[in-house]
Amino acid sequence: MPQPYFSGFDPLPSDIETRLMPEAKPQSLTPNPSADAVVICLHGFTGTPYEVGPAVRAIADKGLSVVVPLLPGHGYRDRAEQKQKFARITPDGMLAAVRQEIARARERYRHVGMFGFSMGGAIALTMAAEGLLDVCAVAAPALRLPRKAEILIPLLSWASFTLAAPITEEFYLPAYEFYHSRALRTLWQLSRHAQQQLPQIHCPMLAVHSHNDLTVPPVVLQMMQARMAVQIETAWFDNSGHSMLLDASGPVVSTTIAEFFSRQFIGEAVSR
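Residue 400 in this note's numbering is what sits at position 262 of the sequence shown, and the numbering runs on without skipping anything.
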């Protein structure tokens, strides 16, 4: 059963909007009302739609529709509500919410693509493996976590506690400034599940990353290339760290992602 999430296809209820960070609002861009393709963009762990915003705008600039949901447990303004909602997220709930967003997209569009950042990348890969996507792109997909985290999360997640996670980036990044032990377990489970599903992916695929990412090990792209039957496009942007869409390489990362979807959707339509 899907956990409460906020679709990019629906306006936010007024009572919900006041409880969310301003940057957490779901987004929907339709530059071409007759377009038959849409790209769903997924944010990362503790994050909001803001962190995928540069890619959203770049994709829309190519004439493609773009939708950005707010994933379960994310984006709340009040610290107490953040902790309460974040602690309740589960792998099944997260995946069910995204499946529901894809179903909503299929009601409106012939073709559906997905871009996922970090945790959103792991979820996007799972959706591709389930055959729900026509095209998929990921940035720093959370198929692996830092080694210490992969050891400690399964050992400690039986307890309920929070860890401070102050935002240290030099650029603006609205996100939760803590981790919850149960939410971390959900991230770890989503990561492992996506790893296992890689051989089932057969749609066109782009993966971008940075060798200077201290959150998601760069080896994940090698893992994808080794386990996936389909050939994937890859690109490295080493002037950025983990939040690569907002970092120094953000504009070129966003353009690379947008051009990939444009080739797959608009270029394919022209060639037919």
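Note that beta-carbon positions come from the ideal geometry of N, C-alpha and C, so glycine has one too.
Values in this document were obtained by computation on a predicted structure and should not be read as measured data.
Exercise. Exposed or buried, what is Asp351 when buried is set at 16 or more other beta-carbons lying within 10 Å of its beta-carbon?
Worked result: buried
Problem set entry | Best match in Gly258, Ser166, Thr394 and Phe398 for proximity to Arg242 [C-alpha to C-alpha] | Ser166
Exercise. Where does Ser172 land, buried or exposed, given buried means 16+ other C-beta within 10 angstroms?
Worked result: exposed
For this session: Inspect the beta-carbon positions of Glu155 and Thr186 and report whether they are closer than 7 Å.
Result: no
Exercise. Since His318 contacts Thr300 with CB under 8 Å, what's their CB separation in whole angstroms?
Worked result: 5 Å
For this session: Identify every run of the alpha helix (DSSP H) within the region 219-290, keeping only runs that are complete inside it and at least 4 residues long; order them along the chain.
Result: 229-246 and 257-267
Exercise. Smallest Cα separation from Pro207: which of Ala280, Phe255, Phe375 and Arg217?
Worked result: Phe255
For this session: Have a look at Leu384, Arg217 and Ala193 and flag the residue whose alpha-carbon is nearest the alpha-carbon of Glu308.
Result: Leu384
Problem set entry | Touching by the beta-carbon criterion (3+ pairs, under 8 Å), the region 330-343 and the region 198-206 | no
For this session: Could you spell out where the alpha helix (DSSP H) holding Glu371 opens and where it closes?
Result: Glu371 -> not in any alpha helix (DSSP H); beta strand (DSSP E) instead, spanning Glu371 to Trp374.
Exercise. With Leu344 and Ile370 assumed to form a contact (beta carbons below 8 Å), what rounded beta-carbon distance in angstroms separates them?
Worked result: 7 Å
Exercise. Roughly how many whole angstroms lie between the Cα atoms of Ser145 and Glu288?
Worked result: 31 Å
Problem set entry | Best match in Ala280, Ala278, Leu263 and Pro279 for proximity to Asp272 [C-alpha to C-alpha] | Leu263
Exercise. Between Ala267 and Arg330, what straight-line distance do the alpha-carbon atoms span, to the nearest angstrom?
Worked result: 14 Å
Exercise. Is DSSP giving Met366 helix, strand or coil here?
Worked result: coil
Problem set entry | Start-to-end residues for the alpha helix (DSSP H) that takes in Val390 | Gly388 to Ser400
Exercise. How is Ser412 classed by DSSP in three states: helix, strand or coil?
Worked result: In this structure the chain extends from 139 to 410, so residue 412 is not present and cannot be described.
Exercise. Would a C-beta distance cut-off of 7 Å place Ala302 and Phe316 closer than the cut-off?
Worked result: yes
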